[in-house]
Ligand code: OOB
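In the working numbering, the protein residues as written are 5 to 558.
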């Protein structure tokens, strides 16, 4: 079995194909068909730039051609770290057209995360902006290249914007402007072949790699196949009743599975709708786009809900076209869920999903109590759910237990991580989510907690160990535990408990230290608390529950 093949047992794969979940079409071929079916409809909007489906298809050919000229080919991995601009989508489909594999990075990722993604994926290239949010991504790429070692051929860097003077840094604009000879049209005699649509990729191949929220020191990559990821997007699109009148506003980072395929960008494009890219998540930017572009659907994380409601209350916007607002990525407090619908005049949908697969949605016609007090139910009738106790036995409906899941779009193993897979999955292929849920008789899930050592800071996932390892590098820190504690705005904030020789570094020094170590800024602790020692549990693990309780004691 090659690493690009999907890993479901053959019987399951056959069933998913037979019932039509897996349609046997690659993303490159889907775009070709969409251009043929409704080429003149608007597919993508960014500011005053617009692409029809035909334009998007032609652009994918151009980008693919340019990338091929740089030596990128079928099966090659390419790290894409772009902010919310149309180029994310153009590059993504350009890669699909080649049968190459985008690796989704977040705009906030830095040397440590990007270096890791490059190494684990074996990426041949990265696509980055020149500068974004007052940060120079070309500097970041220089250090990633310097670290990748002499035994590797140097990473090619494609820069959206000014590539600067560095060798091996190529301008995206120049690349896409290379003479327009898409593979099908290179020679007048050669008829286009199916391989020209997708580089000859198989629908069972890995189409993209997503980054896991992580519980280990080094984040894991999640392989998503064409068949399974298209089903992820389509199943969500069906629940959300998308059609060619849908206008989706991408507010959250495009690299985030939620905004990209739940149903997001891909679900909207597969339904023949229009994707509008919001350059920032502020309600002012978003509401102006809602008015101008007739946005019908968008998705938010919980910290955005309050500012969006406040801005809507100003009464200066016409949000009548906006029909559905999805909220997910972290627990939405019930009171907020109840206020959001009336405040924006929309139907609210809760989304409990994960990059690993399983997506739960409340239904558009669910009673208000289910919409406001649950995190939805699985989108596919073939999503298999188990809620188990610590011995792995099922708990009765209504009782809390760990959520295990498998199904037609949930991973069966991480990318090149066999060792980790032995504990991340049960022997019969269920993914252990680490989330603690209660299942209601309706099948809706309520997320009540988690057992994984991950902090959810308003939707941003932080693996505690990853930060702890870097804290220990600080000369003054001899022991460290990163703990999530309740926070009014983000649901959780991070507190670093540190044991030190002498005085503890302050929160700013710790942030500077972690930045120096190359960690994304959002992983810096919100607070640093010095303790004389870390409490241990009976089995000798750091007792984080006790630490969090101590802090909360009045
Ligand atoms: C989404 O994906 P990830 O991979 O960043 O994080 C997944 C984890 C879940 O295991 C759970 O712990 C938490 O994020 N989570 C929620 C939640 N949605 C996600 N916890 C409570 N309530 C919710 N509604 O976060 C993601 C991927 C696709 C769609 C939506 C979210």
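All residues carry an ideal CB built from backbone N, CA and C; glycine is no exception.
Bear in mind the structure is a predicted one, so any value in this text is a computation, not a measurement.
query                                                                                                                            : result
Closer than 7 angstroms: residue 498 CB and nearest ligand 1 heavy atom                                                          : no
N- and C-terminal bounds of the beta strand (DSSP E) containing residue 358                                                      : 351-358
Ordered list of beta strand (DSSP E) runs contained in the stretch 203-267, each at least 3 residues                             : 210-215, 225-229 and 251-254
Endpoints, the alpha helix (DSSP H) within which residue 78 is located                                                           : Note, residue 78: premise wrong, no alpha helix (DSSP H); not H, not E.
Near ligand 1: residue 454 beta-carbon under 7 angstroms from a heavy atom                                                       : yes
Proximity test, residue 636 beta-carbon vs ligand 1 heavy atom, cut-off 7 angstroms                                              : With the chain running from 5 to 558 in the structure shown, residue 636 is simply not present.
Length-filtered (4 minimum) alpha helix (DSSP H) runs lying within the stretch 23-101                                            : 31-42 and 57-73
Supposed contact pair residue 379 and residue 356 - C-beta distance, whole angstroms, cut 8 angstroms                            : 4 angstroms
Cβ separation of residue 203 and residue 77, assumed to be a contact under 8 angstroms, to the nearest whole Å                   : 7 angstroms
Cβ neighbours of residue 30 in the same chain (closer than 6 angstroms, five flanking residues each side left out)               : 202, 205, 207 and 230
Secondary structure of residue 523, DSSP reduced to three states                                                                 : coil
Contact test: residue 102 Cβ vs ligand 1 heavy atom, cutoff 7 angstroms                                                          : no
Start and end residues, alpha helix (DSSP H) containing residue 372                                                              : 372-377
Environment of residue 423 [buried if 16+ CB atoms lie within 10 Å]                                                              : exposed
CA-to-CA distance, residue 41 to residue 56, given in whole angstroms                                                            : 12 angstroms
Nonlocal neighbours in the same chain, by C-beta distance under 6 angstroms from residue 347, ignoring five residues either side : 313 and 316
Simplified DSSP assignment, three categories, for residue 120                                                                    : helix
Terminal residues of the beta strand (DSSP E) in which residue 572 lies                                                          : Residue 572 lies beyond the stretch modelled for the chain, which goes from 5 to 558, so this question has no answer here.
Residue nearest to residue 3 in terms of C-alpha spacing, selected from 267, 429, 549 and 101                                    : The first residue shown for the chain is 5 and the last is 558, placing residue 3 beyond what the model contains.
Which listed residue (51, 237 and 144) has its alpha carbon closest to that of residue 34                                        : 237
Near ligand 1: residue 345 beta-carbon under 7 angstroms from a heavy atom                                                       : no
Residue 353 versus 302, 107 and 384, residue with shortest Cα-Cα distance                                                        : 302
Close Cβ partners of residue 309 (< 8 angstroms) along its chain, the five nearest in sequence each way excluded                 : 331, 336, 340 and 344
Residue 391: CB within 7 angstroms of a non-hydrogen atom of ligand 1                                                            : no
Residue 439 Cβ short of 7 angstroms to ligand 1 heavy atom set                                                                   : yes
Backbone CA spacing between residue 135 and residue 167 [nearest angstrom]                                                       : 10 angstroms
Separation of residue 442 from residue 365, as counted between CA atoms                                                          : 15 angstroms
Inter-residue Cα distance where the pair is residue 414 and residue 84                                                           : 22 angstroms
contact_flag[the stretch 111-131, the stretch 508-522] where n(CB pairs < 8 angstroms) is 3 or more                              : yes
Presumed contact (8 angstroms Cβ cut-off) between residue 254 and residue 268, rounded CB distance                               : 7 angstroms
Among 50, 511 and 61, the one whose alpha carbon lies nearest that of residue 44                                                 : 61
Status (buried if at least 16 other CB within 10 Å, exposed otherwise) for residue 464                                           : buried
Which of helix, strand or coil DSSP assigns to residue 17                                                                        : helix
Closest Cα partner of residue 474 within the set 382, 436 and 514                                                                : 514
Spatial neighbours of residue 50 in its chain, beta-carbon cut-off 7 angstroms, leaving aside the 5 residues before and after    : 89, 90 and 281
Cβ neighbours of residue 15 in the same chain (closer than 7 angstroms, five flanking residues each side left out)               : none
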